[in-house]
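Taking the numbering used here, I'd label the letters of the sequence shown as residues -18 to 77.
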Amino acid sequence: MYRTENIDYYLAQSLFNDAKNKDLKLIPGKFETNIWLHNEQLNLDYIVGVAKQFPDAKIFIISRGPDKGFYIYSTLQKSCIKLVRKTYTANIAQIA
């Protein structure tokens, strides 16, 4: 399950440029991108719903590293969001 996290647009553009320079950008339609998407178990319906928030939705996928993730951004709105996997943590005291 995923949620969205707002990312500063200009910071995101910097991350995207770094990813391109380091050859970490995944291109939609390529085999390695399909494998990455499958491993991440992204929900396409959720992505489409999120993308509808932007009039000119674009995606950027960073394959690995600290900024790894699936980003949706808008150049018109100067905004960016990142899909973040929801993780649930359990308090050991609650379990015992």
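Think of the CB as a built atom: it goes at the ideal place given N, C-alpha and C, for glycine as much as any other residue. Nothing here was measured: the structure is a model prediction, and the numbers come from that model.
In this structure P9 is not in contact with I28, their Cβ atoms being roughly 11 Å apart against a cut-off of 8 Å. Residue environment analysis places Y52 among the buried positions, since at least 16 neighbouring C-beta atoms fall within 10 angstroms of its C-beta.
The Cβ atoms of Y(-17) and V65 lie closer than 9 Å to each other. Between the C-alpha atoms of A0 and F35 there is a straight-line separation of about 23 Å. CA-CA distance, F12 to L18, rounds to 10 Å. Counting the other Cβ atoms within 10 Å of the Cβ of I16 gives fewer than 16, which makes it exposed. Setting aside the 5 residues that flank it on each side, I42 is surrounded in the same chain by L7, F51, each with a C-beta closer than 6 Å to its C-beta; the list follows chain order. Straight through space, the alpha carbons of E21 and T14 are spaced by roughly 10 Å. Taking C-beta atoms as the reference points, T(-15) and K49 fail to come closer than 9 Å.
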